[in-house]
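Step one of this worksheet: look at the structure below.
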Amino acid sequence: MRIRIVDAFTEHPFAGNPAGVVLLDTDSFPDDGRLQQVAAEVNLAETAFAHPLPQTAEADWALRWFTPVTEAPMCGHATLATAHVLKTTGAATGTVRFATLSGVLSATADDGGSITLDFPTASLTALPVSQKTAEVAGALGAEIVSAHHAGPHIDDLLIELADEKTVRALAPDLASLKRISHRGVIVTAAAEDPTRGYDFVSRMFAPAVGIDEDPVTGSAHTALAPYWSAWFGRDELTGLQASARTGLVRTALRGDRTLLTGGAVTVIDGELLA
């Protein structure tokens with residue numbers, strides 16, 4: 006198995022969100038236990054596994070994503086990383102369609118090196134002040150402005166906080182967040198100064214699936230895009246995920262689809278010997 010490590014949603018190495026990418030030359034996946042072992046060994050937020058499909062299929066490649074502890078139903082940065090590897094190795098050109106647990110997803114590379122993903126827009130359901138939101142506020146150590154559940158593919162809580170400074174300063178109780186029965190908790194606020202090149206900030210905590218803090222989460226932006234597009238009254242926005250590595254995600258809301266655009270850089274290319 007050849008494994009590449011790709012930093013996604015960035016133009017620079019050692020920033021953005023690193024993902025493992027394994028392109029298989031078989032017409033099926035190894036057994037799930039084997040995929041999970043490899044993902045645990047790579048030990049990144051996600052490792053993507055892909056194999057080509059016959060020309061008669063509805064997609065070009067089959068794609069699956071694994072965290073160190075479980076399979077993910079949808080992942081943005083590892084999809085972008087996979088598209089980047091397909092493009093840079095010449096394995097695919099133009100728009101690539103992936104058959105996934107979240108349906109057919111596509112990725113299109115432009116001449117400048119950016120890649121645009123076409124993902125389903127998350128549905129947002131407002132959560133009233135309740136025991137759950139009080140529990141989340143306690144785990145975050147911050148007052149909640151609004152709370153929504155984002156589904157169906159990501160199953161996250163989308164939490165708006167007072168301002169960008171509050172989002173950046175968070176030091177949540179991860180053990181408490183892990184007990185909350187959702188994939189993760191997205192925290193967000195409007196940008197303090199939009200002239201810096203982004204409209205909103207976010208952070209993503211998902212200890213329940215083995216990811217204490219995800220550096221840049223493409224799938225979370227399928228919920229952030231409709232939330233902030235309604236707030237700003239614009240369909241096209243830029244989000245900054247304010248993790249230690251940071252990364253920019255350009256979003257374009259297209260009804261029930263959300264376009265996510267960013268760059269990627271391959272930083273490691275190696276071979277699994279075991």
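Count along the sequence shown starting at 1, add 5, and that's the number in the numbering used here.
We treat Cβ as the ideally placed atom computed from N, Cα and C, and that holds for glycine.
Values in this document were obtained by computation on a predicted structure and should not be read as measured data.
Work out the CA separation of V192 and L175 for me, nearest whole Å. As a first step, residue 175 must be located in the sequence shown, where it is residue number 170. As a first step, residue 192 must be located in the sequence shown, where it is residue number 187. Cα to Cα, L175 sits roughly 9 angstroms from V192.
Check your understanding: Does DSSP classify E46 as helix, strand or coil?
Key -> As a first step, residue 46 must be located in the sequence shown, where it is residue number 41. Helix, per DSSP.
| query | Whole beta strand (DSSP E) runs in the segment 169-229 with 3 or more residues, listed along the chain? | reply | 189-195, 205-211, 216-219
Excluding the five sequence neighbours on either side, which residues of its own chain have a C-beta within less than 6 angstroms of the C-beta of V90, listed in chain order?
-> Walking along the sequence shown from the start, residue 90 turns up at place 85. Within the same chain, V90 has close Cβ partners R9, V26.
Under 9 angstroms between the Cβ atoms of V206 and L162?
-> If you number the sequence shown from 1, residue 206 lands on position 201. If you number the sequence shown from 1, residue 162 lands on position 157. For V206 and L162, no; Cβs fall outside 9 angstroms.
*asked:* One question on the structure: do A144 and I185 come within less than 9 angstroms of each other, judged by their Cβ atoms?
replied: Position 139 of the sequence shown, counted from the start, is the residue given in the question as residue 144. Position 180 of the sequence shown, counted from the start, is the residue given in the question as residue 185. A contact, by the Cβ cut-off of 9 angstroms.
Between L242, G21, A228, which has its C-alpha nearest A196's C-alpha? Taking the first residue of the sequence shown as position 1, residue 196 is located at position 191. It is L242 whose Cα lies nearest to the Cα of A196.
C-alpha distance - A24 paired with H158, whole-angstrom precision
Counted from its first residue, the sequence shown places residue 24 at position 19. Counted from its first residue, the sequence shown places residue 158 at position 153. Whole-angstrom Cα-Cα distance: 20 angstroms.
Could you give the DSSP three-state label for G143: helix, strand or coil?
One-based indexing of the sequence shown puts residue 143 at position 138. Correct three-state label for G143: helix.
Continuous alpha helix (DSSP H) stretch holding P90: start and end: For the purposes of this step, residue 90 is identified with residue 85 of the sequence shown, where counting begins at 1. Checking the sequence, you will find Val at residue 90 rather than Pro. Looking at the DSSP string, the run of the alpha helix (DSSP H) that includes V90 is 81-94.
Taking the beta strand (DSSP E) that H56 falls in, what are its first and last residues? Position 51 of the sequence shown holds residue 56. Unbroken beta strand (DSSP E) run through H56: 51-57.
Q) What's the call for N48, buried or exposed, on a 16-neighbour Cβ count within 10 Å? A) On the sequence shown, residue 48 is found 43 positions in, with the first residue counted as 1. By the 10 Å Cβ count, N48 comes out exposed.
For G21, I'd like the list of residues in its chain whose CB is within less than 7 angstroms of its CB, leaving aside the five on either flank, ordered along the chain. Position 16 of the sequence shown, counting from 1, holds the residue named residue 21. Counting only Cβ-Cβ distances below 7 angstroms, and skipping sequence neighbours, we find D12, A13, F14, T15, P220, V221, R250, G252.
- Message: How far does the beta strand (DSSP E) with I10 in it extend, from its first residue to its last?
- Response: Position 5 of the sequence shown, counted from the first residue, corresponds to residue 10. Counting along the chain, the beta strand (DSSP E) containing I10 begins and ends at 7-13.
Review point. How would you call W236, buried or exposed, if buried means at least 16 neighbouring beta carbons within 10 angstroms?
Key: The residue labelled residue 236 in the question sits at position 231 within the sequence shown. By the 10 Å Cβ count, W236 comes out exposed.
- Considering only residues of the same chain and omitting the five flanking positions on each side of T75, which have a CB-CB separation below 6 angstroms? To locate residue 75, count along the sequence shown from 1; it is residue 70. If we look at T75 and ignore the five residues flanking it on each side, its Cβ neighbours are V214.
Can you round the beta-carbon distance between L129 and H153 to whole angstroms, since I take them to be within the 8 angstroms contact cut?
Translated into positions along the sequence shown, residue 129 becomes position 124. Translated into positions along the sequence shown, residue 153 becomes position 148. About 4 angstroms separates the two Cβ atoms, so the contact holds.
Reduced DSSP secondary structure (H/G/I, E/B, other) of D161: Within the sequence shown, residue 161 is the residue found at index 156, counting from 1. Note: D161 maps to strand in three-state DSSP.
* Residue interval of the beta strand (DSSP E) (run including Q246) -> Locating residue 246 in the sequence shown gives position 241, where the first residue counts as 1. Looking at the DSSP string, the run of the beta strand (DSSP E) that includes Q246 is 241-246.
For the candidate residues I120, Y203, K92, T87, whose alpha-carbon lies nearest to that of A104?
In the sequence shown, residue 104 corresponds to position 99, counting from 1. That would be T87, whose Cα lies nearest to the Cα of A104.
* Would you list the residues sitting across from I149 in a DSSP beta bridge? => Walking along the sequence shown from the start, residue 149 turns up at place 144. In the DSSP output, where bridge partners are listed per residue, I149 has none listed.
* Best match in A155, D178, V150 for proximity to E165 [C-alpha to C-alpha] -> Within the sequence shown, numbered from 1, the residue matching residue 165 stands at position 160. The shortest C-alpha separation from E165 is found at V150.
Q) Where does R262 fall in DSSP's three states? A) Along the sequence shown, read from residue 1 onward, the residue named residue 262 stands at position 257. Residue state, collapsed to three classes: strand.
* Rounded straight-line distance, which links the Cα of F124 to that of A257 -> Here residue 257 refers to the residue found at position 252 of the sequence shown. Here residue 124 refers to the residue found at position 119 of the sequence shown. A257 and F124: Cα-Cα distance of roughly 11 angstroms.
Is it right to say P177 is buried, meaning 16 or more other beta carbons lie within 10 angstroms of its own, or is it exposed? As a first step, residue 177 must be located in the sequence shown, where it is residue number 172. By the 10 Å Cβ count, P177 comes out buried.
Worksheet entry | Helix, strand or coil at P133 according to DSSP, with G and I counted as helix | Stepping through the sequence shown from its first residue, residue 133 is reached at position 128. Three-state result, P133: coil.
Practice prompt. Could you work out which residue in T52, D274, T200 is closest to C80 when comparing CA atoms only?
Written response: Against the sequence shown, residue 80 aligns to sequence position 75. The shortest C-alpha separation from C80 is found at T52.
(Q) Considering Cα atoms alone, identify which of D116, A131, F54 is closest to T93. (A) Here residue 93 refers to the residue found at position 88 when the sequence shown is read from its first residue. Of the listed residues, the one whose Cα sits closest to T93 is D116.
I need the DSSP call for S33, collapsed to helix, strand or coil. The residue you call residue 33 lines up with position 28 of the sequence shown. It is coil, neither helix nor strand.
(request) With a threshold of 8 angstroms, establish whether the CB of T84 neighbours any heavy atom of the ligand FMN. (result) What this structure holds is no ligand at all, so the ligand FMN is not there to describe.
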